[in-house]
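As numbered in UniProt numbering, residues 1 to 548 make up the sequence shown, in order.
We treat Cβ as the ideally placed atom computed from N, Cα and C, and that holds for glycine.
Input: a single structure, listed below in structure tokens.
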Amino acid sequence: MGDSDGDSGSNMTATGVVDNPEKRRSDGGHREAGGSDPETDVVTKCVGDFGRWQLLITFILSMVNFPCTFHIFAPTFLAGTTPFWCARPQRLINLTAQEWINLSHVYDGKEYDRCRIKDLDYEHASMADLIRLSEEVVSSTKCKQWEYDETEYGRTIISEWDLVCDRTSMVNFAEMAFLAGVAVGGLASGFISDRFGRKRTLMMSIMATIVIGMAVAFSPCYWVYVLTRCFLGFFSVSIVLCGFVLCIELVGGKWVTISGVSYLFTIPLGYITIAGISYWIKGWRELQITITLTAVVFPLLSWLFKESPRWLITMKDGDRALQVMREIAEFNKKDLPPNADKLVKQAIMDGDNHAPAVGLKDLFNTPEIRKVSFVMYSIWFTVYFVYYGLVLNVSKWGGNVYADSVISAAVELPAIGLSILILLKMGRRLPLCIATVLAGVACLLTIFVKSDGGGDDGWKFLTLATFARFCISSSNVVMPVFTAEKFPTAMRNLGVGSSNAPAGIALLSIPYLWNIASMLKVDPMAILGVCSILGGLSVLILPESSHL
């Protein structure tokens, strides 16, 4: 994609979704306003597009994604669907769970009601009387306590705080709180890192996730768990965004795309890894402690990280920028240009001549920019909704949650790799449209097979759902580049940043997807499918943006 690769310098979330493209970066070849950012030119001239230092730091920064991805995907196991039934009285504790359910629970012809038991005198009546009366009694009463089958996940937040029956919605609320933190963090992290720097924000966020992650593990009650998970979402996404920005601000040319997208490879690897960890470590507190401690190594490596020289130049800190570039160049066995100090000073002076600030209303001033804004809002909502709808609901597919997690995450690896080729060699509009529409078609086709069916039906569902995830993962990488290129340079930061608003709405709706589908009496995968197809087709309203 030539010099326009700089457009991919937008903040990607833990799934490849993006936050604001940083105002200090713009594409060199496809700028709506023409020209190239002075701080981009000087850094490239001084340290080159890519070298040993950039390779090392890209690798280390990508590793930071692991604990963040763990926290995002953890509810699949922390709040795994756990079989439950009304608790047995002490005098009947010798009955097996199934014997107790057959005796006391109301059967509607299809399944037992796990929230109510028949109104019998379980404390005093003889077993013979209980069996006889069980066939006659039709009245029932609400359960006050429950027992759980903790074979698959160990103790979960559901079994610890009885989040069943009329408290089931509290599981969804806890997940919504975390995703609310992710949504706010996605919006705020760009402003925070602009103000305090990439490295400082990154290290602060890592330390915060360690402290808050441990607080989650030792939550004494449900509401403390919800509050701490909300903050955990905020800082987790901040880590991924700051790491991504730091990664792409140290490279130039086509390496912005290659390095930036390669940074995302560890995200699906994180999904796979936590599936393995949770298979061996049962119990939500033990699992939460384990995944939190995986981040402890990164503060110890803080000395390896350098502040972004591009950010230092925008902050008019030329001396520090020059020192960082000197260290990078030395590691790359490259000499700084003799006039490096003059280049930095000139870049700082040129940076003062930026276009005047724009406001939100500028995104709707003309018919053309209104069309761009609305289409981008549509596709961002779609990609977030479909991607997270697939990722965070693997446990509802009806198969083995561990195997399904690994298989569906593994397909993201070739999807990310394919996206690099697409971004370098192809356009954005048509690949984005095709990938998103195909994801929708695959989702729709799943309604013709049962997710919990055995044999062929189970594999057919998994194949279709996995293909949908493959496609939407590719969309997730292409979308930010397309978005950044469609907004004029002066409003690029605001344009992509405002796209996080509909994306945030999509995030908050994900925990309730299955509930919404039940209310509308439709298959939840059908909702994802229709949304994906409509969102993908909306991209065709806009012209292509890439000048290859």
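For residue i, I'd like the list of residues in its chain whose CB is within less than 6 Å of its CB, leaving aside the five on either flank, ordered along the chain.
i    : result
S378 : G535, S538
R320 : L312
W255 : D49, F50
G154 : K282, G283
G35  : Low local confidence applies: a pLDDT of 37 at G35 is under 50, so the model's placement there is unreliable, with the coordinate-based value given in what follows. Contacts found: none.
E175 : P75, P511
L133 : L120
E249 : S308, R310
L513 : G389, P524
L413 : P268
Who are the Cβ neighbours of residue i in its own chain at under 7 Å, not counting the five residues just before and after it?
i    : result
V324 : K306, E307, P309, L312
L92  : W100, Y122
E152 : G80
I258 : I420
T290 : I277, I281
V171 : A79, I158, L163
P269 : Just to set this straight, residue 269 is Leu in the shown sequence, not Pro. Once the five neighbours on either side are set aside, L269 has no close Cβ partner at all.
W161 : Y222
Y225 : I157, A174, V216, S219
L322 : A340, D341, V344
Helix, strand or coil for residue i? Go by DSSP, reduced to three states.
i    : result
V106 : strand
E485 : helix
C86  : strand
Y225 : helix
M63  : helix
S532 : helix
G80  : coil
L95  : coil
V251 : coil
L269 : helix
F218 : coil
E286 : helix
F50  : coil
P75  : helix
P524 : helix
G458 : helix
L540 : helix
N500 : helix
S205 : helix
What does a CB cutoff of less than 8 Å around residue i pick up in its chain, not counting 5 residues either side in sequence?
i    : result
L542 : K371, V372, V375, R429, K486
I407 : L462, T466
C247 : I57, T58, L61, S62, S259, G260, Y263
A410 : P268, I272
May I ask you to list the residues that DSSP assigns as paired with residue i?
i    : result
K118 : S140
Y112 : Y107
E147 : W85
Restricting to Cα atoms, I'd like to know which of the options is closest to residue i.
i    : options                : result
L540 : M479, C433, I472       : C433
Q145 : M170, F244, C165, S126 : C165
E135 : N500, L464, I117, C143 : I117
Y271 : G529, T201, N65, T483  : N65
T463 : P480, L445, V478, M479 : L445
I210 : V297, M349, Y512       : V297
T58  : S159, Y148, D119, V240 : V240
A415 : F265, I192, G252       : F265
D149 : G417, P83, A526        : P83
P529 : S498, V437, T466, S499 : Strictly speaking, residue 529 in this sequence is Gly, with Pro absent from that position. Measuring from the Cα of G529, the nearest candidate turns out to be V437.
L418 : F470, V138, V184, Y387 : F470
W303 : D350, M203, Y222       : M203
A403 : Q98, V251, Y279        : Y279
A439 : V449, L423, V394, L390 : L390
V394 : E330, P524, T483       : P524
I267 : I192, Y384, T69        : T69
M214 : F482, T201, F231, R198 : F231
M142 : R167, W161, M127, T156 : For clarity, residue 142 is Lys in the given sequence; the question names Met instead. Per the Cα distances, R167.
L508 : G233, G458, K45        : G233
C86  : E147, D194, P367, Q54  : E147
I422 : F385, M479, I369, P367 : M479
S126 : L103, K316, P502       : L103
L227 : I206, P220, A177, D194 : A177
Relative to the ligand HEM, is the shortest distance from any of its heavy atoms to the C-beta of residue i smaller than 7 Å?
i    : result
G504 : Here there are no bound small molecules, and the ligand HEM is not part of this structure.
Every unbroken alpha helix (DSSP H) inside the region 369 to 436 [4 residues or more]:
401 to 410, 412 to 425
Ignoring anything shorter than 4 residues, give me the alpha helix (DSSP H) runs that lie fully in the region 154 to 187, in order along the chain.
157 to 161
Secondary structure, alpha helix (DSSP H): runs of 4+ residues fully inside the region 297 to 335
297 to 300, 309 to 314, 318 to 331
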